[in-house]
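Encoded as structure tokens, the structure appears first; notes follow it.
In this note's numbering, the protein residues as written are 430 to 482.
Right, here's the structure in full:
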């Protein structure tokens, strides 16, 4: 295998790894947004509960 072919294979592998990382980041960003929504909902519920006391 030529040096150029080895570089091409390495570049393709790195591109795939980068795409995988982007997918993981997107999934984590979505999970973070959902958790932030849960936190906001729980804070509202806490405020409502405090007002009822």
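By construction, the Cβ of each residue, glycine as well, lies at the ideal position given by its N, Cα and C atoms.
These numbers were taken from a predicted model, which means no experiment stands behind them.
In angstroms, rounded to a whole number, what distance separates the CA positions of residue i and residue j?
i	j	result
residue 443	residue 437	10 Å
residue 481	residue 471	15 Å
residue 445	residue 474	44 Å
residue 461	residue 430	45 Å
Which same chain residues, not among the five before or five after residue i, have their C-beta less than 7 Å away from its C-beta?
i	result
residue 454	none
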